[in-house]
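A.B. asks:
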Amino acid sequence: MAPIIFELLDLRALIATSDMHSFHRAAEQLALSQPSLSRRIQKLEQAVGAPLLERSSRSARLTPAGQQVYLSIANLFDRAPPLSPPPVTTFTTAASSAYDPIGRYFTAGFRMSF
1 MAPIIFELLD LRALIATSDM HSFHRAAEQL ALSQPSLSRR IQKLEQAVGA
51 PLLERSSRSA RLTPAGQQVY LSIANLFDRA PPLSPPPVTT FTTAASSAYD
101 PIGRYFTAGF RMSF
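Residues 1 to 114, numbered by the UniProt record's numbering, are exactly what the sequence shown covers, in order.
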């Protein structure tokens, strides 16, 4: 049997679904569709060989196997350093009245004070 390969997002899908007890809210948090989130969790369940979540029409709860997997991967994410620093961006904008003849008239006095 070939090994099943999964991604970090698959693990995050399980964590988010467990923490929020909801496929809908977990999918929103991860910016995934609900079917995509479900497929990711099913892939993990296939790799583990056991159901990880008890599903109902209103909620999702971890099974005993899911609790073991959750504890293992939650610790992994807690200990892992961030992959990259958060982006820091400065965005500056300026508006000019040079292209608006009426605007030039109203802002001339203001610009003279500088």
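A virtual CB, placed ideally from N, CA and C, is assigned to each residue, including glycine.
Look at leucine 71 and arginine 40 and say whether their C-beta atoms are less than 8 Å apart.
C.D. replies: For leucine 71 and arginine 40, no; Cβs fall outside 8 Å.
A.B. asks: Which residue marks the beginning of the alpha helix (DSSP H) containing leucine 53, and which one marks its end?
C.D. replies: Unbroken run through leucine 53 is the beta strand (DSSP E), 53-55; no alpha helix (DSSP H).
A.B. asks: With 16 as the cutoff for other CB atoms within 10 Å, does serine 18 come out buried or exposed?
C.D. replies: Flag for serine 18 reads buried.
A.B. asks: Could you tell me which of Arg79, Ala13, Ala47 sits nearest to serine 38, measuring between CA atoms?
C.D. replies: Considering only alpha carbons, the answer is Ala13.
A.B. asks: One question on the structure: do glutamine 34 and methionine 20 come within less than 8 Å of each other, judged by their Cβ atoms?
C.D. replies: In this structure, methionine 20 does not lie closer than 8 Å to glutamine 34 by Cβ.
A.B. asks: In the DSSP output, what is alanine 60 paired with across the bridge?
C.D. replies: Bridge partners of alanine 60: Arg55.
A.B. asks: For phenylalanine 6, which residues in the same chain have their Cβ closer than 7 Å to its Cβ, ignoring the five residues on either side in sequence?
C.D. replies: Closer than 7 Å at Cβ, skipping near neighbours: Lys43, Leu44, Ala47.
A.B. asks: Go ahead and label glycine 66 buried or exposed: buried means 16 or more other beta carbons lie within 10 angstroms of its beta carbon, across all protein chains shown.
C.D. replies: Counting Cβ neighbours within 10 Å, glycine 66 comes out buried, since at least 16 surround it.
A.B. asks: From which residue to which residue does the alpha helix (DSSP H) around histidine 24 run?
C.D. replies: Residues 23-30.
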